[in-house]
Amino acid sequence: MNNKIIPKLASYPTITLLFIWMAVPLGMTIYFSFLRYSLMYPDVQEFTGFLNYEYFLTDFAFLEALWNTFVLVFSVLIASVTFGLGFSILLNQNFFGRGFARILAIAPFFIMPTVSALIWKNLFMNPVSGLFAWLLSLFGLGPIDWFTHYPMLSIIIIVSWQWIPFATLILLTSLQSVDKDQIEASRIDGANNVQIFRYVVLPHLSRPIAIIILIETIFLLTIFAEIFVTTTGGPGLATTNLAFLVFTEALLKFDIGVASAGGVVVVILANIAAFFLVKMIGKNLQ
């Protein structure tokens, strides 16, 4: 009996600490979301009910940020799964220097988002001294100010560059567990490479692809550093997502009440998205 009780008692401090770590910030956010509370006047706190939620949800910037969040998440998911699948197939082949190539392919995932954004902003997409401007000049073309003319595309490229290695790593690991006997049997039955990929390899990768979509969606909903470093949400609201909109309300407009209401809305939307994604993965795993 004691052998069963002692492990449970030992786990209670960790569970309690985890609960406090999650519940206290969420509880404070919900509390402040019902107050008129500005950092400009910290001594003035007035209960306003759902007025902050109404302001946040009816603000024209909310719909724009919601659409930008959807475009960013969906585009990065498509890019990471597509290119990740292609790179994983290439890196699964036998060739000289395969180990080194795998390290290079996975390396961008370990670069901090702020550093990654600075690299792309100053070394690649700079319209004066960037690599892309130099490449365009070789063909007699003028430079492109990426963050002015194609702001959302620029953010998608930067974020995709960070997350494609993650998808590559997961899919490469899964490819190495494909049943070789099944592939050989398919070849004996007359299947070509396309048919083997379609009917043998791709079904085997359905579960890791679903997991990639779930994990990346959770993180992509909170993309902030890349936007802050490169476009600061602009031009206008062109690259403002929900996370950056909450930041704007809290630390640029100093309106903690509206920012807290926005944070609660974002948490609710993230949980709704996670619920449907978990259901999708559950069907895949059955």
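Each residue of the sequence shown is one higher than the last, beginning at 1 in the numbering used here. Heads up, the beta-carbon is just placed ideally off N, CA and C, and yes, glycines get one too.
Quick check: what's the CA-CA separation for PHE95 versus LEU131?
Each residue's Cα considered, the two are about 29 Å apart.
Taking Cβ positions, are PRO235 and PRO151 nearer each other than 8 Å?
Cβ atoms of PRO235 and PRO151: closer than 8 Å.
Assuming THR217 and ALA273 are in contact, meaning their beta carbons sit under 8 Å apart, how far apart are those beta carbons, in whole angstroms?
So it is a contact: roughly 6 Å between Cβ atoms.
Between GLN195 and ASN92, how many whole angstroms is the CB-CB distance? I'm expecting something under 8 Å.
That pair is no contact at about 18 Å.
Leaving out the 5 sequence neighbours to the left and right, which residues in its chain are closer than 7 Å to GLU46 when beta-carbon positions are compared?
Answer for GLU46: LEU35 and ARG36, listed in chain order.
Along the beta strand (DSSP E) that carries ASP43, what are the first and last residues, could you check?
Segment 41 to 47, the beta strand (DSSP E) holding ASP43.
Would LEU214 pass as a contact of VAL278 if the rule is Cβ separation under 8 Å?
Yes. Within cutoff.
From the DSSP output, read off the bridge partner residues of LEU35.
Per DSSP, PHE47.
Out of PRO208, ALA243 and GLY233, point me to the one whose CA is closest to VAL266's CA.
Closest option to VAL266, Cα to Cα, is ALA243.
Measure from the alpha carbon of ILE209 to the alpha carbon of each residue in SER75, GLY86, THR58 and ALA167, then state which is nearest.
When only C-alpha atoms are compared, the closest one is ALA167.
In the structure shown, what three-state DSSP assignment does ASP189 receive?
In the structure shown, ASP189 sits in coil (DSSP, three-state: anything other than H, G, I, E or B).
Within 10 angstroms of its Cβ, does MET125 collect 16 or more other Cβ (buried), or is it exposed?
With 16 or more Cβ atoms within 10 Å of its Cβ, MET125 is classed as buried.
Excluding sequence positions up to five away, which residues of its chain have a Cβ less than 7 Å from the Cβ of MET1?
Legend: pLDDT at MET1 = 49, less than 50; position of this residue unreliable, no value from coordinates given.
Within 10 angstroms of the Cβ of PRO165, are there 16 or more other Cβ atoms? Answer buried if so, exposed if not.
PRO165 should be labelled buried.
Apart from the five residues on each side of it in sequence, which residues of its chain come closer than 8 Å, Cβ to Cβ, to VAL76?
For VAL76, where only same-chain residues beyond five positions count, the Cβ hits under 8 Å are ILE156, VAL159, SER160, TRP163, GLU216 and LEU220.
When you compare each of SER260, ILE89, MET22 and SER154 to VAL71 by their alpha carbons, which one comes out closest?
Closest by alpha carbon: SER154.
Can you give the beta carbon distance from TYR53 to SER33, rounded, assuming they're within the 8 Å contact cut?
So it is a contact: roughly 7 Å between Cβ atoms.
Under a Cβ-count criterion, where at least 16 other Cβ atoms within 10 Å of its own Cβ denotes burial, should LEU18 be classed as buried or exposed?
Exposed, because fewer than 16 other Cβ atoms sit within 10 Å of the Cβ of LEU18.
Compute the distance between the beta-carbons of LEU118 and VAL264, then report whether it is under 8 Å.
No, the pair does not count as a contact, with Cβ atoms beyond the cut-off.
Tell me the rounded alpha-carbon separation between TYR31 and PHE147.
C-alpha separation (whole angstroms): 38 Å.
For a quick check, are the C-beta atoms of GLU64 and LEU237 less than 8 Å apart?
Cβ distance < 8 Å, so GLU64 and LEU237 count as in contact.
Can you tell me whether LEU169 is buried or exposed, with buried defined as 16 or more other CB within 10 angstroms of its CB?
Buried.
Could you compute how far the alpha carbon of ASP189 sits from the alpha carbon of PHE109?
About 40 Å.
Exposed or buried, what is THR69 when buried is set at 16 or more other beta-carbons lying within 10 Å of its beta-carbon?
Classification of THR69: buried, given that the 10 Å Cβ count is 16 or more.
Strictly by DSSP, which residues pair up with ASP255?
Answer by DSSP bridge pairing, in chain order: SER38.
Report yes if the C-beta distance between SER88 and LEU202 is below 8 Å; otherwise report no.
Cβ atoms of SER88 and LEU202: not closer than 8 Å.
What would DSSP say about ALA288, mapped onto helix, strand or coil?
Given that the chain is displayed from residue 1 to residue 286, the structure contains no residue 288 and the question cannot be resolved.
What separation, rounded to the nearest whole angstrom, lies between the Cα atoms of VAL178 and ARG198?
Their backbone Cα atoms lie some 13 Å apart in a straight line.
On the DSSP letters alone, give me the boundaries of the alpha helix (DSSP H) that THR230 sits inside.
From DSSP, the alpha helix (DSSP H) with THR230 extends over 225 to 230.
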